[in-house]
Structures are given as structure tokens and as C-alpha cells.
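2 protein chains.
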Amino acid sequence: MVRFFYEENRETFDRIHNHGTWAVAAVGMISYVMGDTDMVERTLYGSDKSGKGGFIRQIDQLFSPDGYFEEGPYYQRYSLQPFLTFAQVIRNNEPQRKIFEYKDGVLLKAVTTLLQLTENNGQFFHLNDALDKTWHSNELVWGVDIAYSLTGDKQLLSIAREQNRVIISEEGFRVAKDIESAQPFIHQTMIVRDGPDGNKGGIGILRSGTGKDEVAVVLKYTSHGMGHGHFDKLSFTYYDNSREILQDYGAARFLNIEPKNGGHYLKENDTFCKHTIGHNTLVVDEKSHFDYDMKLSSGYAPEFYAFRNTEKVKMVSSVDKNAVPGVTMHRTLFLIDDPVFSRPVVVDLFKVISPEKHQYDLPFYYLGQLIHTTYPYEAFTTQRSLLGESNGYQHLWVEAKGKPETHLAATTFLNGNRFYTLSSLADSHTEVYLNRIGGTDPDFNLRNDPSVMLRQPYASSHTFVNVVEAHGDYDPRAEYTIEPYSSVSSIQLLIDTEEYLVVQVEVKNGKILEICLSLNNPDEKQNHAVSGYQWRGVSSIQVIN
Amino acid sequence: MVRFFYEENRETFDRIHNHGTWAVAAVGMISYVMGDTDMVERTLYGSDKSGKGGFIRQIDQLFSPDGYFEEGPYYQRYSLQPFLTFAQVIRNNEPQRKIFEYKDGVLLKAVTTLLQLTENNGQFFHLNDALDKTWHSNELVWGVDIAYSLTGDKQLLSIAREQNRVIISEEGFRVAKDIESAQPFIHQTMIVRDGPDGNKGGIGILRSGTGKDEVAVVLKYTSHGMGHGHFDKLSFTYYDNSREILQDYGAARFLNIEPKNGGHYLKENDTFCKHTIGHNTLVVDEKSHFDYDMKLSSGYAPEFYAFRNTEKVKMVSSVDKNAVPGVTMHRTLFLIDDPVFSRPVVVDLFKVISPEKHQYDLPFYYLGQLIHTTYPYEAFTTQRSLLGESNGYQHLWVEAKGKPETHLAATTFLNGNRFYTLSSLADSHTEVYLNRIGGTDPDFNLRNDPSVMLRQPYASSHTFVNVVEAHGDYDPRAEYTIEPYSSVSSIQLLIDTEEYLVVQVEVKNGKILEICLSLNNPDEKQNHAVSGYQWRGVSSIQVIN
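Going line by line, the protein sequences match chains A and B. All letters in the first sequence, in the order written, are residues -19 to 525 by this note's numbering. All letters in the second sequence, in the order written, are residues -19 to 525 by this note's numbering.
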């Protein structure tokens, strides 16, 4: 087996990739058993012992200081097993290497960070190529048990309780023995940095509420993520009521089902899922970010701009200047808890700066049934055609095309027992497309999910303002419907410069939510003043009665 | 209140309809309290005390001897409350009327029969206008508690346990007190007769397995069912794995949601849901049964033909000669438990007899994702149009059109963790349409569910043979896929006359399931012989090695 991994597949053995980790873990474990200390060195520092390959370099390169694995949570789960198992073997044989302390304890952080990259029910965020996996997966049983044995973190025990099994080892035994002292696992509002040194973008997670009413808002501004990465800079997903509401489509499904492309990823994974239009982010001129060039995309990551975590307001903001030549995209997401809304509300300010005119498309892939729009639309009820011809557009049917008559274009849908309204700022050029995934799909591979797409057909700089609101309750069994309409009555963009945004969201009870944002000074101590608006720090949120 | 119900709304008071039951129950309860025995008589026998209206006549006319309520299970649930509550009031005040013994105890049968008209999880079959209701609904809490107080049937206690509440009364108290002695509720294979005298058709329910693996096959051959009835003679639905697999669409949704048509039934309830093409049954020449004439339809019901309930084979068979002029439809459903299949298999023999040539469409509304077909098809991947122009056809998009190259046209889909294959007998004229609900739907009212539709474009007498098979297991979390392919390798219709059908279903292990059916002699003691096939009784099922 060592010959196979070390000699016949040397390239994989030395590769900085999870495939390499599986190889060095296997060879390393054999070598410890056989007492081959030279070969152990090669698994740790590469076949030439230079440190350019091997386990240590893999830890250095593949994990950020925050414990984020470059390929994203779905593959982080997968890779965790060889990393943790081999680390545990190293610790058992050579405790003096302090492998779990290496890089500020990053291997253990990888476990707790991965647990944070989940919905409240444990489903991993569907970033990059991702399918249906949760923290109940086998790799996380290993991860949680090993991490608990080293940290004694009692929050891990409540994950172990949900997993309802342990590994057959001293670590597993300890978890089983201590299970009664479990403490609730708390999902955090946090920033998870990407890149070996933590400076290649990251993920912002905003949370509010607990249990079934936990809300999560995710901003993805990571680096590309190698072969499983998607072209989705500044993409946004939203979870509520134990469901994915504004979805990341993830990978094209049916993995391991032989009648579907032999059980491999489907071709639609490349033609739709990885493309920008498959995500809740901006597409310029119907081209994907970095023109769908993975090599090019791998050279850049968006910049972190700001983060805020207070009781009432959570915020994350990031800027990308490379995904589209000549276009700066600056997206800021707020999650706001205020009694003017019955539930936490999301405000999405997407500033696009460009000297040239472009077509801008901003889709929101909602999951649910369309209930109501405030704008008229032409529905294509007897003939239907595609949104475009390439870059994923060929996979979208246009079901209807709307033209807002006011500055507010609101779309209400129902998901489970709850209503959601996407309230969008519109101008006289704005077009609203109601699309559905499933065009150019002769094998019925794609899920036929809907989206609302805002299009500015020909604009230079432009600011998209969107408010996402959960409201009401529908119970077909008890036969009641509460609050099926949105409470937003208008959205106004009062200041829109390259330095500042000031937005007012008027609510039906007459109150106004006012948001002020500084776009190019993240200093929280800076005072700002523009046209009579004054605030301190990056952002200011207030309610005006 | 009495003046309002009795004088101002006399027509409703005297009506043989659930609205009349609410009226007489209200007036009757008031009259008992006020000691107005004359008015009590009027609630029981109609405003003129002739017996042409009133509660007794409502019981006579609206319930079959088997306790089936003419409008179907969803409305049976709704109507049960005034029937049972008023009956309980009558019993409390005038026990000598023996109201619960009336018509062989039909009011109590109505409770137990309704509990049988459910999936294993308690959802009522979606026959006629039906939405999302289960035996957990309030009316059934009343029904179960009152029925238990009168019958002491301990199976009812396990329903009460699932309901997890009781009514605030002596009856509810008794249920609460006895709850520990609950016995499991058993879903039966049974025939439920429709019509005041039990001779207006009915419902056949075939079951196999228990709990999560309970399978149910339902053949609907009832009378029309008044204003909430559908034009769906001999429609078939199939449940497995705690899910509806071949669905009855039921009523158009969003009831009580004000932004959707003011909370009323949607117009698509009339233009799609009630039409024949919305159901898993035969449409002749693109017209609905009885040409969508409710008055006409209300005059007829299909005939019961045969029923069988043995350990290995369950069967129900019914004939309709009125829904389509000049066309006899005879459908026979088998649910067969035999080790040649890994799970119980459904065989559907649909014999159509007609001297004239017609177009025959037989759809199957499957719920799930298409995995595989054995026939080539042309998929409409860039432009899409409708199946037809009226009678519900205008609500169906044609996604693909297939032309089977052999006598077997199999369609495999995935629902939850399980695969299903519909294996259809095809001839050189057979066309297979893969349709999706949602055309001509400007308000996005319809669910976008798929169907497989078999079309014989120009045939006189014709026999459809279909086999529905559940198989395999898919677990994306544990990453395994078992048995994703059907085990049926061929279907042969060896005898096809107006008297007999002989079908052989060949399974991949080389075994053959042979089914012989007599079409016009339901005598179970009759011997039959045709072309070397011999059997006794209506049907014979055997496995040939």
C-alpha cells in the first residue's frame, strides 16, 4: 500500500489538496505501525522532506487561521476525517510534536468552525459543490469526539447527543460518559476568514433568535475554492424557520445514483450550478465572474470591509473589484431586530460602481410558492422560452416579466407556514423577471426552483436595495392566515454616492427604518456627515417615528 | 338565531347538505335548551315535519350504510362535527330516540370509516376538493371522543393519543382516563360503499405492510359528490413510505389566503382540479367524464365488480359505462406481496371497450424526480408549449414526448429515499408524454407537479397494463444507492378479449408473475379456461419459475 501511495502516486502524495491528505494519512499510519520513522517524516514534510508537501504544509495551506477549509463546508466535512485521524495518530505516537497545537490549534478550530457553518438543524451551508450533508455525518462524529477529548468543550456534547453515536475509542467512550453534562450548542454571529493567512476573503454569518426561530444570513466572499468552487462572489443566502429560504443551489444532485451520469456530478453542475447566475449575486452583461475562468478566479478574493455584532444589529460588508473588469461590487447585509418588524428583517445594500454602462442582473432564488406581487407582469402562460443562451442563462425559463410602476417592487411567497416578502427598490428602468430553473435540461437533472431577478438593462453605477421580511402564519389545518402582506410601504434611497448610502424603509405603521452607511471608511470611530445626516462609525440604524 | 336559521334561511334549513346539518344542529340545540319540542321535531324531520328534510333525512341521504359521506373524506371530516354534536345532544335529552343506533349505527361508522380513509400518517385521501387535513383535526377529536364513549373501541384511543388532546366533556375525560389501554389502530383493506343504500359505487382501499412501510392503493368509483365532486371515475392513487406517490391533486390550494382570490377556492379548481385530466384515470378525446356536466354526472356511479383480500393478493375492480358515451371502462387494481419483488407491487389492468375509435390518455401524476426512462424521448428544452386548449389540458406543459421502441415503456423516479418505476405496456402506436402542471396559470396558483401520460392516439378497444414498483434505497448522507433499476424486464398481454385478460410480467431474475382475470363474471366459484389458461374465480395470480 505504501508503494502504491508513495511511489506510484507520488504526485497525489505531495499534493496540497484533500486527496493528498488521504494519501499521507494512510502512509503515515502504516509507517508508525512499522516503525519507519523516515517515512513518517516524508508524510509530514513531503516526499523530499523539504516541507513543500506533506501533512504540515497541507494544514498550513488548506486551513485559514479561523479553521476554514478552502473548498467550503461540504468538503471541509469530507477532509476532516484524514486530518483528525492522522493528527490523533501523531499525538498518540509522538505527543512532543504537539500537532493539535500547531498553527494556533487550527485542526480543532476546524471542527468548531465547521459546526458553525450550518443551519440551525445542522445542514451545512450549500456553498460551492454541496449536497445534502449535516453534522450527523460520520466525519463529524470523529471530529466531535476527538475535539471533545482534547478541549472538554461541553457544547460539543450536545452535537454528540444529536449524532446519537460515538466512535469506538477512548475518545468516544469519554463523550458517552460525559453526555449528561452537555451544554447547548450556540450558533454565533461571526466572520470566518479564508486563506492560509486569513486574508483571502471569508464568510460572514449573521444570526438572530434560537431554535426553530433561528435566522441565519450568509455572505460568501471567499477565495475560489479549487475545483469545487463556484463563481459566486458576494452571494447571499438566508435561512429561517428551520428552512433554507433564499437558497444556494449547491451542486447538481443525484451523486452516486448510477442511472444519472454513472453516479458522477452531472454536467449541469458545470453549465448551471457553478455559474454566477445560479447564485443570489450580481451578473454583469450575462457573463459569470472572472468569465468562468477558474485559474483567473483563484488569484483573487473579495476584500472584507466591515462587521458588526450588536444585540439589535448584525452587519457584514465586503467589496470585490476583480470578478468583473472595471466594476466594483460592494455588498452590505444587515440583520436587524427591531419591534417595527414582527421578525428580524434583512436589508441588502448592493452598490455597483462602474464608469461604463452594463446590464446588471441580481437574482434571488426563493424557495416557496408565489403569493402576490405589487407590480404588474406579463406571464408567459402558453409558450415559454429561455432567459439566455449561455453562462447558465440557458437553464432558466422566463415565466413572467414585470415592470414596476412605483419605486417599490415587492414579491411575496409562502414557505411552509410562513410568508416572506422581498421588497426591492425599483426605478423606471427596472425589470423584474420571474424565472424557473429547468431549461435546456433534457435529462431532467435540475430542480425546478423559482427565482425573482431584478434587471437594470443599461446602467453605470447602480445601487440595489432589497429588504427581506418574514411575516405572518398560515395554518391550513386550523384554517387561519395571519399577516399575509408585507409591512414595507416604501423604500427610498436618499443618498447614493461613492462614499455614502442613506436608505429609508417606511413601514405601514408609519415608522421609518433609516440606514446610513459609509462605503469607504470602515473606522468605527469616524464621524460622518452628509446632507444633514450625521452618524459615527461605518453604519447607523435608527427608527424614526 | 332560530329566526335567522329557521325563517330567514328556510331553504338551507331544509337542505340535504352539510350546510343544512349545521342549521338544524344549531336550531335543535337551542330548542332543547328552551324546551321547544315542536321545533326539535322540525330539526329532525324538516320544517314541515314531513321527513323530507331535517336531520334524520340528512343521515339517510348523506351517509352510505358503510358510513361514507357523499362529498368525500375531506368534507366528511367537516360535516362530522354537527352530526355528532347534535346526535350527542339528542341522546342526552331523549335517549329513547336511539339516534346513534339509527340506520344500523351509521353515525359511529362514519367516524371509523373516515379514519380508514387516510394515509398511514392520518392525512385524508385527497379525493374531490381536498386540502391538507388529517385525523388530528378538531372535528375528529370530537368524533373520536364521542365514538369511544359509545363503543369503547380501544383502537380509537391510539388515534386520541396522536391527537394529544380531548374535548372538555365527560367523553373527553373518559378517553383521557383510558388512554393507557390504547390498542394500535389498524388500517384495513376494504370496500367503502357510496350512496344512501350503498349501491352508488364506492372506494376500494388495498393495504399492505404497517407503519412507515404501509402501502395503500385507492380506487375511486364513487358517485359524483355534489359541488365538491371531481370528474374522475376509476381514478387511482398510491401511497408508500409515508408519502403520496401517485397523487390525487385534490383542490387548488391557498384556501383562506386573502391575497389569493380573497381566500376562496381558486378558479383553477374548476379549470384543472375537477377535470378528468387532473387525475390518474382515462380521458377520451380530450373531454372530461360526463363532458364536465355535474348534473349529468350526479345521475350515475360506476359499478362495483370484484374485491379480494387475501394475504398475498388484494384486488378491487369496477366498471363504468356512463362517463363516456359508447365507452366501457373497466379498471382492476392488484396489490401483490410476493418475494419476486422486493416490495409489494401494484398491477393496474385498465380495459377500455369501444366500437368506435378514440384518443385515449391515461396520466399518472407521480411525485418525485425523474431518474430514468427505457424509451427515447424528444425533450422540449428551449421552447415549451401546452398539451391542449381546454378541459384542463391548457394547464399542462409538455416537457417531453416519447416513442417506446419495445413493448415496455418504463419510467423511474425518486421520491424521498426510495425509487419507483411505472412499467407500462406499449404498442407501436403508444406515445408517452412527460407533462408538468402549470400552463395557463398567470397567478402561479398551480403546483408544478409532473406526470407521465400514456396516449393511444386512435384506438377502439384497448387494454392498458401498468405495473408500479417501489424499489431500492438512496441515502445521500451515508452515500449509498441500492437497486436504482426496476426489476421488470417485460410485460406481455397474452389474452385480451371482452371476457378475459391474461398478463405476464417478467422479472429480471427470470421469474414470471402471471395474472388471469375474468372481466364479466365475478363469481368466485366459476371455473374459467381460455387458450390453455385455467383458473377458478375472478382472478388468478401465480408465479412461474
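The beta-carbon is built from N, C-alpha and C at its ideal position, and this holds for glycine as well. A quick note: this is a predicted structure, and the numbers were derived from the prediction, not measured.
### Message
So threonine 401(A) and threonine 392(A) are supposed to be a Cβ contact under 8 Å. How far apart are they, rounded?
### Response
For the purposes of this step, residue 401(A) is taken as the residue at position 421 of the first sequence. For the purposes of this step, residue 392(A) is taken as the residue at position 412 of the first sequence. With a Cβ gap of about 5 Å, threonine 401(A) and threonine 392(A) count as contacting.
#### Entry: Neighbour-count burial assignment, methionine -19(B), 16 or more Cβ in a 10 Å radius
Within the second sequence, residue -19(B) is the residue found at index 1, counting from 1. When all chains shown are included, methionine -19(B) counts as exposed.
### Query
Which residues in the same chain as threonine 114(B) place their Cβ atom closer than 6 Å to its Cβ, once the five residues preceding and following it in sequence are excluded?
In the second sequence, residue 114(B) corresponds to position 134, counting from 1. Excluding residues within five positions, the ones whose Cβ falls inside 6 Å are Gly102 and Gln103.
### Query
Would a check of beta-carbon distances place leucine 60(B) closer than 7 Å to chain A?
To locate residue 60(B), count along the second sequence from 1; it is residue 80. False, the Cβ-Cβ gap to chain A never drops below 7 Å.
### Query
Counting contacts by CB-CB distance shorter than 7 Å, is arginine 364(A) in contact with chain B?
Here residue 364(A) corresponds to residue number 384 of the first sequence, with the count starting at 1. Output row for arginine 364(A): interface = yes.
### Message
Check whether chain A comes within 7 Å of asparagine 236(B), counting only Cβ atoms and requiring the distance to be less than that.
### Response
For the purposes of this step, residue 236(B) is identified with residue 256 of the second sequence, where counting begins at 1. Yes, its Cβ sits closer than 7 Å to a Cβ of chain A.
### Task
Quickly, what does DSSP pair lysine 267(B) with across the bridge? List them, please.
On the second sequence, residue 267(B) is found 287 positions in, with the first residue counted as 1. Val264(B), per the DSSP bridge assignment.
### Query
Helix, strand or coil: which one does DSSP assign to lysine 381(A)?
One-based indexing of the first sequence puts residue 381(A) at position 401. DSSP places lysine 381(A) in strand when its eight states are reduced to three.
### Query
Per DSSP, cysteine 496(A) is paired with what?
For this step, residue 496(A) is matched to residue 516 along the first sequence. Per DSSP, Val482(A) and Ser520(A).
### Task
Using a Cβ-Cβ cut-off of less than 9 Å, list which residues of the stretch 112 to 127 of chain B approach chain A; keep chain order.
Asp112, Lys113, Thr114, His116, Ser117 and Asn118
### Task
Give, in chain order, every residue of the stretch 451 to 471 of chain A whose Cβ lies closer than 8 Å to some Cβ of chain B.
Tyr454, Pro456, Arg457, Ala458, Glu459, Tyr460, Thr461, Pro464 and Tyr465
### Task
State yes or no: is the C-beta of arginine 364(A) within less than 7 Å of the C-beta of tryptophan 377(A)?
Here residue 364(A) corresponds to residue number 384 of the first sequence, with the count starting at 1. Here residue 377(A) corresponds to residue number 397 of the first sequence, with the count starting at 1. For arginine 364(A) and tryptophan 377(A), yes; Cβs fall inside 7 Å.
### Query
Does the beta carbon of tyrosine 361(B) sit closer than 7 Å to a beta carbon anywhere in chain A?
Here residue 361(B) refers to the residue found at position 381 of the second sequence. Inspection of the sequence shows that residue 361(B) is occupied by threonine rather than by tyrosine. Yes, threonine 361(B) lies at the interface with chain A (some Cβ there is under 7 Å from its Cβ).
### Query
Which of the three DSSP states, helix, strand or coil, is assigned to glycine 181(B)?
Here the question's residue 181(B) lines up with position 201 in the second sequence. Three-state result, glycine 181(B): strand.
### Task
Would you mind telling me which residues of chain B sit closer than 8 Å to aspartate 421(A), beta carbon to beta carbon, in chain order?
In the first sequence, residue 421(A) corresponds to position 441, counting from 1. Ordered by position in chain B, the residues that pass the 8 Å Cβ test against aspartate 421(A) are Ala359 and Thr361.
### Task
Please check if any C-beta of chain A sits within less than 7 Å of the C-beta of histidine 508(B).
The sequence position of residue 508(B) within the second sequence is 528, counting from 1. No, because no Cβ of chain A sits closer than 7 Å to the Cβ of histidine 508(B).
#### Entry: Closer than 7 Å at the beta carbon, the chain A residues around leucine 350(B)
As a position in the second sequence, residue 350(B) is number 370, starting the count at 1. Per Cβ cutoff of 7 Å: Phe424.
### Task
With serine 215(B) as the anchor, note down where its beta strand (DSSP E) starts and where it stops.
Within the second sequence, numbered from 1, the residue matching residue 215(B) stands at position 235. 215 to 220 is the span of the beta strand (DSSP E), which, as asked, contains serine 215(B).
### Query
By the criterion of Cβ-Cβ separation under 8 Å, what are the contact partners of proline 239(B) in chain A?
The count along the second sequence starts at 1 and reaches residue 239(B) at position 259. Ordered by position in chain A, the residues that pass the 8 Å Cβ test against proline 239(B) are Ile351, His352, Thr392, Pro464 and Tyr465.
### Query
What is the residue span of the alpha helix (DSSP H) that phenylalanine 49(B) lies within?
Here residue 49(B) is taken as the residue at index 69 of the second sequence, counted from 1. Taken as a continuous stretch (DSSP letters only), phenylalanine 49(B) belongs to no alpha helix (DSSP H), as it is neither H nor E.
### Task
Could you check if arginine 22(B) is buried or exposed, using at least 16 other CB atoms within 10 Å of its CB as the buried criterion?
Position 42 of the second sequence holds residue 22(B). Buried: at least 16 other Cβ atoms inside 10 Å.
### Message
Between which two residues does the alpha helix (DSSP H) holding aspartate 125(B) run?
### Response
Numbered from its first residue, the second sequence carries residue 125(B) at position 145. Per DSSP, aspartate 125(B) belongs to the alpha helix (DSSP H) from 118 to 131.
### Query
Taking buried to mean at least 16 other C-beta atoms within 10 Å of its own C-beta, is arginine 457(A) buried or exposed?
For the purposes of this step, residue 457(A) is taken as residue 477 along the first sequence, with counting starting at 1. Classification for arginine 457(A): exposed.
### Message
Quick check on the DSSP output: the beta strand (DSSP E) that includes lysine 89(A) runs from which residue to which?
### Response
What you label residue 89(A) is simply residue 109 of the first sequence in a count that begins at 1. Run containing lysine 89(A): none in the beta strand (DSSP E); it sits in the alpha helix (DSSP H), 82 to 96.
### Message
Buried or exposed, going by whether 16 or more other CB atoms sit within 10 Å of the CB of histidine 244(A)?
### Response
Reading the first sequence from its first residue, position 264 is the one you call residue 244(A). Counting Cβ neighbours within 10 Å, histidine 244(A) comes out exposed, since fewer than 16 surround it.
#### Entry: Same chain, Cβ closer than 6 Å to isoleucine 10(A), neighbours up to 5 away in sequence not counted
Within the first sequence, residue 10(A) is the residue found at index 30, counting from 1. For isoleucine 10(A), where only same-chain residues beyond five positions count, the Cβ hits under 6 Å are Val(-18).
### Task
Out of Phe49(B), Phe80(B) and Leu405(B), point me to the one whose CA is closest to leucine 97(B)'s CA.
As a working note, residue 97(B) is residue 117 in the second sequence. Checked all of Phe49(B), Phe80(B) and Leu405(B); the closest Cα to leucine 97(B) is Phe49(B).
### Query
Does the Cβ-Cβ distance between tyrosine 280(A) and serine 297(A) come in under 7 Å?
In the first sequence, counting from the first residue as 1, residue 280(A) sits at position 300. In the first sequence, counting from the first residue as 1, residue 297(A) sits at position 317. No, the pair does not count as a contact, with Cβ atoms beyond the cut-off.
### Message
If the criterion is Cβ atoms closer than 7 Å, does the pair valine 510(A) and valine 485(A) meet it?
### Response
Indexing the first sequence from 1 puts residue 510(A) at position 530. Indexing the first sequence from 1 puts residue 485(A) at position 505. In this structure, valine 485(A) does not lie closer than 7 Å to valine 510(A) by Cβ.
### Query
Where DSSP assigns a beta bridge to threonine 308(B), which residues make up the other side?
The residue labelled residue 308(B) in the question sits at position 328 within the second sequence. In DSSP, threonine 308(B) forms a bridge with Ile333(B).
### Query
Which runs of the beta strand (DSSP E) spanning at least 3 residues fall entirely within the stretch 185 to 212 of chain A, listed in chain order?
195 to 202
### Message
What would DSSP say about leucine 342(A), mapped onto helix, strand or coil?
### Response
As a first step, residue 342(A) must be located in the first sequence, where it is residue number 362. Here leucine 342(A) sits in strand by DSSP.
### Task
Answer yes or no: does any C-beta atom of chain A fall closer than 7 Å to that of asparagine 144(B)?
In the second sequence, the residue the question calls residue 144(B) occupies position 164. Judged by the 7 Å Cβ criterion, asparagine 144(B) is not in contact with chain A.
### Query
For leucine 111(B), which of helix, strand or coil comes out of DSSP?
One-based indexing of the second sequence puts residue 111(B) at position 131. Leucine 111(B) falls in the coil class under three-state DSSP.
### Query
Mind checking if asparagine 100(B) is an interface residue toward chain A, Cβ cutoff 7 Å exclusive?
Mapped onto the second sequence, residue 100(B) falls at position 120. Answer no: the Cβ-Cβ gap between asparagine 100(B) and chain A never drops below 7 Å.
### Message
Restricting to Cα atoms, I'd like to know which of Glu150(B), Ile471(B) and Asn500(B) is closest to isoleucine 492(B).
### Response
Your numbering for residue 492(B) matches position 512 in the second sequence. Of Glu150(B), Ile471(B) and Asn500(B), the residue nearest in Cα terms is Ile471(B).
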